[in-house]
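Inspection log for the structure reproduced underneath, given as structure tokens.
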Amino acid sequence: MPTIQFQLNGTAAAVDTDPDQTLLDVLRGRLGVTGPHFGCGAGECGACHVMVGDRAMASCDMPMWSVADKDVVTVEGLGTAAQPHPLQRALIAEQAMQCGYCVSGILIGAAALLKRNPSPTEAEVRNALDRNLCRCGSHNRMVRAVLRAASEMAAS
Amino acid sequence: MSSASPAPTLPVSLAANPKLSSWVKLNVEGRVAISPGKVEIGQGIVTALAQIAADELDVDIGRVEMIRASTAASPNEGVTSGSLSVQQSGRALRHACAEVRQRFLVAASERLGVDASLLDIHDGTISGPGNVRTSYWELAGDVSLDHDANAGATAKIVAKRTVAGHSVQRVDIPDKVFARPRFIHDCPLPDLLHGRVLRPDTSGAKLIALDETATRAVPGLVAIVRDGGFSGVVADSEAAAEAALKALRRGATWSAGEPLPDEADLAGFLKSQPIETTVIDTRMAATTGKPTRTLRRHYTRPYIAHASIAPSCAMAQWDGDHVHVWTHSQGVYLLRADLAIVLKLPAENIVVEHIEGAGCYGHNAADDVALDAALLANAAGGRPVRVQWSRHDEMSHAPFGAAMAIEIEADLDADNEIVGWRHAIWSNGHAARPGRAAQPALLAATEIATPYPRMISTNPPAANGGGGDRNSVPIYDLPAWTITSHRLLTMPVRTSALRTLGGQGNVFAIEALLDEIAALRGEDPIAFRLRHLRDERAKEVIRAAARRAQWKPQKKSGIGHGVGFARYKNTGAYCAAIAEIEGTDDIRVKRLTLAVDVGEAVNPDGVINQIEGGAIQATSWVLKERVRFDRTRITSTSWTDYPILTFSEVPAVDVEIIQRPEIEPVGAGEAAHGPVTAAIANAVYDCLGVRVRDLPITRDKIIAAMELAS
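Chains as they are written, first to last, in the numbering used here: chain A, 196 to 351; chain B, 1278 to 1987.
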């Protein structure tokens, strides 16, 4: 099996894998990175989103061969309780979830948006998050959290 | 003559599980362990219960550790459903913690030689005059909580509560934000294997032959399991399990299956089936006004999918004739009872332990996949097996919320006042939960070699809020009514409990017709409702929503406003909703304004979060959702075929809580669905002049209603 090398959360990773295996399988299985969640397996719900460069992308249908030499960030790479990403702080401040299963994908979608557009409008936030489904109805809190994080980041 | 006050009684959950130590444990390290029988399903209940416990015990909430429910140790509180958790678990914990506090005060009084009434507790430290002090933690070894609760214990008065009634941050959110494993999907056990189950595309098809040759060649395969029509694979990774399942599917031969109804004529189907008819309620008028006309209206709602973002998941591990099951079921004891039937084991050989799943909106496939895991793990040589359903199976084999046809006849007098009201419901039952019958309700139980019949869903009794008939008895003071429920005795599409059971459909129908009658009279729909209500709490939520939405905003072209109201189950939370929509034939809900009264709101922000979520989910149901099928199979098996509301489509939601700390709390999770549904439908009329009585309210339905009206 070929070895595929990529950057994962700022650290070099190398995995011997079938190149057609999905990134989500490798992350959750071999690498034990369980932040990205399986939701549909068809790239339709956003629960498995990871950031590749400055784009949020579904990892459930992303073959490993396409990940070679890429810079991949999962929710684990955004921040920690000791050093949270402003988005993580904002989600807590806004209590922006109910079940939270979609949250790791939402955080990635929002982080990618803020990378490209540090001061989005509410409509731009909603538009960016349209690729993420939330079934519990926490959308408005999440949008408020993203706007809060954006203004916090602009102020710092 | 003395008037005896009634003897105090224990809260229902505490009466069923009286031992204090089964609810509360205090340890010498300064920790408080609280064990509710209710489970976190995304609603934030664990936080509200922690607040109640922290308040009654006078400890910082940071000391409280909430123990996940398990049949090994937890109190048996049945099922986490029906918006009853704060009512049942909350009351039990408040009472139990009050008694625990009292027992420690007595022990402290003895140790310190100070009268208990002079002692204070602050974050577990007990102090009294002369600077004497001890603590829960010092006394923990001496005070036994292995006693049955005493009905005479009294909780704090409202004014002394400092945690309950405040918006404390949820205890589970940091884990979820920092991706610390908390979901069952993310909790690997050592030596974990992965399982997948083979299920047919065709509805009701049975596995009749299986060629396993190709599957045996899949690398990583550990076992192929076949028990009659139940079949699945166990492998050493998820990818291998998926590959093995794919191979197994190619080797499967299925029977023809059972026909599904005509999706285009749900009402026709529902009204043509064998039924069991129950008269839910009648009211006879003392004096009857003379009817001059009768309005007869038909309403329908489709089958609705739970559609959690996560597919259902479970883990199981066998040790001889004992099995341990990890599940996101709503009822660990109820699931255990069904597992015991199917596995032919005494219940004490089975431990069922809860781990959080994704948001749960009723009886989804959580219980089904738990049996799947137990069956597959039996072939894993003592290793644990994790089974996860596919999105496809989640959207086709899990139970759905039942479709409903509702017919209301309203007799009107010469002034268009209501003098008679007949409400009839045709629907499958709204509950086929496990653990309540001699027969199991789990999917695989119908597939194994000696199968059990598929459980036909029934309706909970009226005392528990009913099922198809939930919220069908008007809360309005109408002079006469007859409410009839027709439950189907066939069930080609599997149904069970989904948020509100029949409440959403019935509130939609009642509130839409009231709106129509108010319009006939030329009366403001809010004034009309207030005139027919006697309950002040009901009137106050309607007035509060109206004030907040500045009812009634001036009429503008292309904008419509509508109102809906209900008290959930007629015994739970009061909720009024006002919808603002815009559109011509494709409508958009711009804003929802709601007022809610849950009695004591233990965590006000948690209540608002639940109401917001319910309102948004209801908007999704109303505008977009219906389970699709042809005559042989469910076809809405992906997010493309079963779209839900997206971020851009979500309305602004504004919620006001009417706090009533002196009134026992009730749940908030299901209060908004009915009122929001009705408010949107009524706003569509206000905007477009047509009544859409067939959910969901899509462009096609609006055009059809316009054609009918012209």
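Even for Gly, the Cβ is constructed at its ideal location relative to N, Cα and C.
Given the structure is predicted, the values throughout are model-derived calculations rather than measurements.
#### Entry: Residues sharing a beta bridge with Gln1665 of chain B, DSSP
In the DSSP output, where bridge partners are listed per residue, Gln1665 of chain B has B:Cys1590.
### Query
Are there 16 or more other CB atoms within 10 angstroms of the CB of Gly1742 of chain B, so buried, or fewer, so exposed?
Per the 10 Å Cβ criterion, buried.
### Task
Look at Phe1785 of chain B and Ala1958 of chain B and say whether their C-beta atoms are less than 9 Å apart.
Ala1958 of chain B is positioned such that its CB atom lies closer than 9 Å to that of Phe1785 of chain B.
### Start-to-end residues for the alpha helix (DSSP H) that takes in Ser1290 of chain B
Taken as a continuous stretch (DSSP letters only), the alpha helix (DSSP H) holding Ser1290 of chain B covers Val1289 to Ala1293.
### Message
Cβ closer than 7 Å: which chain A residues qualify as neighbours of Phe1460 of chain B?
### Response
At a C-beta separation below 7 Å, Phe1460 of chain B has these neighbours in chain A: Tyr296.
### Query
When Cβ atoms are compared, which residues of the stretch 324-337 of chain A fall closer than 9 Å to chain B?
Against chain B - using a Cβ distance shorter than 9 Å - the residues of the stretch 324-337 of chain A are Leu324, Asp325, Arg326, Asn327, Leu328, Cys329, Arg330, Cys331, Gly332, Ser333, His334, Asn335, Arg336 and Met337.
### Message
If we define contact as Cβ-Cβ less than 9 Å, is His244 of chain A a contact residue for chain B?
### Response
Put simply, the CB of His244 of chain A is far from chain B, with every gap to its CB atoms at 9 Å or more.
### Query
Given that a residue counts as buried once 16 or more other Cβ atoms are within 10 Å of its Cβ, and exposed if not, what is Met1278 of chain B?
Here Met1278 of chain B scores only 41 on pLDDT, less than 50, and its place in the model is too uncertain to base an answer on.
### Task
Please name the residue in B:Thr1917, B:Arg1771 and B:Thr1357 whose C-alpha comes closest to that of Thr1723 of chain B.
Among B:Thr1917, B:Arg1771 and B:Thr1357, the Cα nearest to that of Thr1723 of chain B belongs to B:Arg1771.
### Task
Under 8 Å between beta-carbons, which chain A residues line up against Asp1874 of chain B? List them in chain order, please.
Scanning chain A for C-beta atoms nearer than 8 Å to the C-beta of Asp1874 of chain B yields nothing, as the closest lies near 20 Å away.
### Message
Quick check: is the beta carbon of Arg223 of chain A nearer than 9 Å to any beta carbon in chain B?
### Response
Arg223 of chain A counts as touching chain B.
### Query
How big is the Cα-Cα spacing for Asn1693 of chain B and Asn1783 of chain B?
So the two alpha carbons sit approximately 22 Å from each other.
### Query
Taking Cβ positions, are His1992 of chain B and Thr1777 of chain B nearer each other than 9 Å?
Examination of residue 1992 of chain B is not possible in this model, given that chain B is present from 1278 through 1987 alone.
### Message
Considering just the uninterrupted stretch of the beta strand (DSSP E) at Ala253 of chain A, what are its terminal residues?
### Response
Where Ala253 of chain A is concerned, the enclosing beta strand (DSSP E) starts and stops at Arg250 to Ala253.
### Message
Taking the straight line between their C-alpha atoms, what separation do you get for Arg1747 of chain B and Ala1892 of chain B?
### Response
Here the alpha carbon of Arg1747 of chain B sits roughly 18 Å from the alpha carbon of Ala1892 of chain B.
### Query
Which residues, in order along the stretch 1507-1529 of chain B, keep a beta-carbon less than 8 Å from a beta-carbon of chain A?
Against chain A - using a Cβ distance shorter than 8 Å - the residues of the stretch 1507-1529 of chain B are Ser1514, Glu1515 and Ala1516.
### Task
Quick one: measure Cβ to Cβ for Ala1945 of chain B and Val1875 of chain B, integer angstroms, because I've assumed they're closer than 8 Å.
Ala1945 of chain B to Val1875 of chain B, Cβ: 5 Å. Contact.
### Task
With 7 Å as the limit, tell me which residues of the stretch 206-231 of chain A have their beta carbon closer than that to any beta carbon of chain B; keep them in chain order.
Taking 7 Å as the Cβ-Cβ cut-off against chain B, the residues of the stretch 206-231 of chain A that qualify are Gln216, Asp220, Gly224, Thr229 and Gly230.
### Task
List the residues of chain A that Gly1835 of chain B touches, going by C-beta distances under 8 Å, in chain order.
Residues of chain A passing the Cβ test: none, with the nearest at roughly 20 Å.
### 6 Å CB neighbourhood of Cys329 of chain A in its chain, flanking five on each side removed
The answer, listed in chain order, is Cys297.
### Task
Determine the chain B residues that contact Ser254 of chain A at a beta-carbon separation under 8 Å, and present them in chain order.
Residues of chain B with a Cβ closer than 8 Å to the Cβ of Ser254 of chain A do not exist; the shortest Cβ-Cβ separation is about 13 Å.
### Query
Which value, in whole angstroms, describes the spacing of the CA atoms of Ile1934 of chain B and Ala1325 of chain B?
In this structure, the straight-line span from the alpha carbon of Ile1934 of chain B to that of Ala1325 of chain B is close to 16 Å.
### Query
Start and end of the beta strand (DSSP E) containing Lys1867 of chain B?
Ile1864 to Asp1874 is the span of the beta strand (DSSP E), which, as asked, contains Lys1867 of chain B.
### Query
With burial defined as no fewer than 16 other Cβ atoms inside 10 Å of the residue's Cβ, what is the status of Ser1667 of chain B: buried or exposed?
Buried is the call here.
### Message
By alpha-carbon positions, which one of B:Ala1656, B:Arg1578, B:Gly1835 and B:Gly1659 ends up nearest to Lys1978 of chain B?
### Response
It is B:Arg1578 whose Cα lies nearest to the Cα of Lys1978 of chain B.
### Query
Between which two residues does the beta strand (DSSP E) harbouring Arg1410 of chain B extend?
From DSSP, the beta strand (DSSP E) with Arg1410 of chain B extends over Val1409 to Ser1412.
### Task
Return the CA-CA distance between Glu1788 of chain B and Lys1846 of chain B, expressed in angstroms with no decimal places.
When rounded, the distance between both Cα atoms is 15 Å.
### Query
By the criterion of Cβ-Cβ separation under 7 Å, what are the contact partners of Phe201 of chain A in chain B?
Listed by position along chain B, the residues whose Cβ is nearer than 7 Å to that of Phe201 of chain A form an empty set, because the closest Cβ is around 18 Å away.
### Query
Hey, quick one: how far does the beta strand (DSSP E) through Leu1484 of chain B stretch, first residue to last?
It spans Leu1484 to Leu1487 - the beta strand (DSSP E) in which Leu1484 of chain B sits, taken as one unbroken run.
### Query
Going by the CB atoms, is the gap between Gln1364 of chain B and Val1943 of chain B shorter than 9 Å?
Their beta carbons are under 9 Å apart, which means Val1943 of chain B touches Gln1364 of chain B by this criterion.
#### Entry: Nonlocal neighbours in the same chain, by C-beta distance under 7 Å from Pro279 of chain A, ignoring five residues either side
Excluding residues within five positions, none has a Cβ falling inside 7 Å.
#### Entry: Pro1477 of chain B to Val1646 of chain B span [Cα, whole Å]
Near 15 Å, if we compare the C-alpha coordinates of Val1646 of chain B and Pro1477 of chain B.
### Query
Thinking C-beta only, is Val210 of chain A closer than 9 Å to Arg352 of chain A?
One cannot answer for residue 352 of chain A here, as it falls past the ends of chain A, which runs 196 to 351.
### Task
Count the other CB atoms, across all protein chains shown, that sit within 10 Å of the CB of Gln1831 of chain B; report buried if there are 16 or more and exposed otherwise.
Counting Cβ neighbours within 10 Å, Gln1831 of chain B comes out exposed, since fewer than 16 surround it.
#### Entry: Distance between Asn1655 of chain B and Glu1625 of chain B (C-alpha atoms, nearest Å)
Glu1625 of chain B and Asn1655 of chain B: Cα-Cα distance of roughly 17 Å.
### Message
Let's test the definition: count the other Cβ atoms within 10 Å of the Cβ of Arg1613 of chain B and tell me whether it reaches 16, buried, or not, exposed.
### Response
Answer is buried; the Cβ neighbour count reaches 16.
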